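All remarks here apply to the structure that follows.
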Amino acid sequence: MPRVEDATLHERTLTINVLGTRAEADLATYAHALVIIEGHERGRRISLGAVPLTIGRREPCELVLDDPEASRAHCRVETSGYDAVVTDLQSTNGTFIDGARISGTAILPIGGVLRVGQHRLRHERRTAHEMAEAEAAEHDLARAGEYIRSLLPAPIASGDIRVDWRFEPSARVGGDCFGYHALDDQRFAMYLVDVSGHGTGAALHAVSVMNVLRHRALPGVDMRRPAGVLRHLNDMFQMDEHGGMYFTLWYGVYDAQRNVLGFASAGHHPAYLVPPQGGGLAPLHTRNVPIGAFPGIRFKSDSIPVSRGSMLHLFSDGVFEITTASGAQARLEDLLPLLVEPVQPGIDEPSRIYQATRARARDGSVEDDFSFLTVTFV
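First residue of the sequence shown? That's 5 in the numbering used here, and the numbers climb one at a time after it.
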């Protein structure tokens with residue numbers, strides 16, 4: 005008959021073995037991955053397995069990034085139990101985890117963000133089933149973002165009215181879209197739509213609104229009158245009939261013969277007109293409710309004279325609603341000084357604002373869709 009001490013030791017050994025087996029089984033059910041949340045191929049998921057993953061700008065790296073700020077062989081990522089481990093390979097510009105530059109090897113926590121050059125990659129650990137579901141969802145979001153981009157008009161580089169824009173959909177994909185077109189030989193329309201929420205539903209709703217405006221599918225409506233356009237869109241897109249979704253909108257029409265810009269905004273923050281000699285910003289805003297919130301609403305519009313050489317900045321809230329490096333939530337007022345800075349040669353205004361926004365953001369990532377449109381009245 006075994007002694008009590010031996011029996012107790014035997015039970016402890018069994019318990020340790022069972023716990024160890026469970027831990028190993030638990031590890032076996034999970035998979036690690038890196039998801040590109042900023043940079044080329046945003047939304048792409050890269051599985052991490054038993055073989056280390058080398059990231060760099062040239063083959064034979066397993067993950068090759070089209071990124072001038074990445075080194076040929078920048079860093080190596082490998083899994084270790086529940087964690088991922090990153091080793092900097094003496095990169096020129098450094099390897100960063102959650103905004104801090106690493107030296108040698110460091111842990112990349114679950115949910116942590118790895119920065120390589122201009123790319124940000126988030127570490128995920130999920131079950132195989134969860135990973136498959138996430139991949140399917142992100143594939144749908146990526147397709148939605150690509151479809152919206154395919155509908156955006158090309159920039160206009162010559163003529164009396166010139167347009168530049170920057171559209172960077174977030175990993176979540178929201179309901180941002182914008183457009184512009186000539187209404188006749190004298191008038192030019194421009195608009196930006198921001199649907200509530202995120203995901204494919206918001207994106208598809210934005211596309212529906214955008215197509216109505218692109219094709220002027222508002223029978224009997226004078227597209228030259230912003231208040232009338234908003235009123236009819238409100239009748240067409242009541243949230244009770246569209247899954248509870250509403251949207252904000254800024255819509256303007258420039259009259260080139262009179263040098264006047266008529267405009268109306270529905271729940272949207274102002275657009276800003278920058279005069280050619282500087283001297284301040286003119287906020288263009290009307291007090292109207294968002295489109296789809298209430299039926300039968302009459303909308304207000306306004307107008308402003310436009311000097312030749314002025315620039316109009318029209319953008320979504322994803323441009324200024326960022327988390328800064330200090331952890332603070334930025335506001336619209338924080339963006340305004342950027343809008344009056346001198347134009348930089350060799351870079352369009354939306355790209356200049358995008359780079360400045362990323363420089364201010366924590367980990368250099370923009371959390372929501374970035375949609376920025378600049379119209380110059382030459």
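Glycine included, every Cβ here is placed at the ideal spot set by N, Cα and C. Note that the structure is predicted; figures quoted are calculated from it, not measured.
Residue i versus the options, residue with shortest Cα-Cα distance
{"i": "residue 124", "options": "307, 323 and 48", "result": "48"}
{"i": "residue 171", "options": "157, 56 and 190", "result": "157"}
{"i": "residue 279", "options": "310, 270 and 255", "result": "310"}
{"i": "residue 352", "options": "268, 248, 379 and 246", "result": "379"}
{"i": "residue 134", "options": "321, 276 and 37", "result": "37"}
{"i": "residue 3", "options": "203, 336 and 132", "result": "Outside the displayed range of the chain (5 to 382) lies residue 3, so it cannot be described from this structure."}
{"i": "residue 323", "options": "113, 222 and 355", "result": "355"}
{"i": "residue 308", "options": "285, 67 and 76", "result": "285"}
{"i": "residue 195", "options": "254, 152, 243 and 216", "result": "254"}
{"i": "residue 238", "options": "71, 103, 101 and 300", "result": "300"}
{"i": "residue 321", "options": "363, 249, 274 and 344", "result": "274"}
{"i": "residue 358", "options": "281, 117 and 169", "result": "169"}
{"i": "residue 104", "options": "128, 138 and 329", "result": "329"}
{"i": "residue 144", "options": "204, 281, 259 and 54", "result": "204"}
{"i": "residue 189", "options": "219, 350 and 260", "result": "260"}
{"i": "residue 65", "options": "346, 93 and 304", "result": "93"}
{"i": "residue 249", "options": "118, 200 and 346", "result": "200"}
{"i": "residue 113", "options": "137, 106 and 88", "result": "88"}
{"i": "residue 46", "options": "147, 106 and 110", "result": "147"}
{"i": "residue 334", "options": "51, 345, 371 and 102", "result": "371"}
{"i": "residue 138", "options": "193, 243 and 51", "result": "51"}
Beta-ladder partner(s) of residue i, from DSSP
{"i": "residue 183", "result": "195"}
{"i": "residue 258", "result": "192 and 265"}
{"i": "residue 204", "result": "BP columns for residue 204 are empty, so no partner."}
{"i": "residue 315", "result": "278 and 380"}
{"i": "residue 307", "result": "266"}
{"i": "residue 34", "result": "131"}
{"i": "residue 295", "result": "251"}
{"i": "residue 374", "result": "172"}
{"i": "residue 286", "result": "277"}
{"i": "residue 91", "result": "80 and 109"}
{"i": "residue 331", "result": "Partner(s): none; residue 331 has no beta bridge."}
{"i": "residue 326", "result": "Looking at the DSSP assignment, residue 326 forms no beta bridge with any residue, so it has no partner."}
{"i": "residue 158", "result": "None, per the DSSP bridge assignment."}
Within 8 Å, strictly: CB atoms of residue i and residue j
{"i": "residue 296", "j": "residue 241", "result": "yes"}
{"i": "residue 360", "j": "residue 340", "result": "no"}
{"i": "residue 377", "j": "residue 319", "result": "yes"}
{"i": "residue 224", "j": "residue 198", "result": "no"}
{"i": "residue 252", "j": "residue 287", "result": "no"}
{"i": "residue 365", "j": "residue 326", "result": "yes"}
{"i": "residue 277", "j": "residue 228", "result": "no"}
{"i": "residue 90", "j": "residue 99", "result": "yes"}
{"i": "residue 121", "j": "residue 71", "result": "yes"}
{"i": "residue 167", "j": "residue 173", "result": "no"}
{"i": "residue 406", "j": "residue 128", "result": "Residue 406 lies beyond the range of the chain shown here (5 to 382); nothing can be said about it."}
{"i": "residue 454", "j": "residue 235", "result": "Nothing can be reported for residue 454: it is not among the residues displayed for the chain, which extend from 5 to 382."}
{"i": "residue 35", "j": "residue 130", "result": "yes"}
{"i": "residue 202", "j": "residue 193", "result": "no"}
The ligand FMN heavy atom lying under 7 Å from the CB of residue i
{"i": "residue 376", "result": "Ligands displayed in this structure: none; no statement on the ligand FMN is therefore possible."}
Exposed unless 16 or more other CB atoms sit within 10 angstroms - verdict on residue i
{"i": "residue 161", "result": "exposed"}
{"i": "residue 332", "result": "exposed"}
{"i": "residue 272", "result": "buried"}
{"i": "residue 44", "result": "exposed"}
{"i": "residue 211", "result": "buried"}
{"i": "residue 108", "result": "exposed"}
{"i": "residue 83", "result": "buried"}
{"i": "residue 314", "result": "buried"}
{"i": "residue 81", "result": "buried"}
{"i": "residue 368", "result": "buried"}
{"i": "residue 42", "result": "buried"}
{"i": "residue 23", "result": "Only weak support is given to the placement of residue 23: the predicted model assigns it a pLDDT of 39, under 50, and the value that follows is read from those uncertain coordinates. Exposed."}
{"i": "residue 209", "result": "buried"}
{"i": "residue 78", "result": "buried"}
{"i": "residue 29", "result": "Since pLDDT at residue 29 reaches only 41, below the 50 mark, its modelled position is unreliable, and no value is offered."}
{"i": "residue 298", "result": "exposed"}
{"i": "residue 281", "result": "exposed"}
{"i": "residue 382", "result": "exposed"}
{"i": "residue 74", "result": "buried"}
{"i": "residue 61", "result": "buried"}
{"i": "residue 154", "result": "exposed"}
{"i": "residue 305", "result": "buried"}
{"i": "residue 233", "result": "buried"}
{"i": "residue 110", "result": "buried"}
Contact belief for residue i with residue j at Cβ below 8 Å, rounded distance in angstroms
{"i": "residue 214", "j": "residue 183", "result": "6 Å"}
{"i": "residue 230", "j": "residue 268", "result": "4 Å"}
{"i": "residue 152", "j": "residue 258", "result": "Not quite, the Cβ-Cβ distance comes to about 24 Å (not below 8 Å), so this is no contact."}
Neighbour flag for residue i against chain B, beta carbons, 8 Å
{"i": "residue 151", "result": "Among the chains in the structure shown there is no chain B, since it carries only a single protein chain."}
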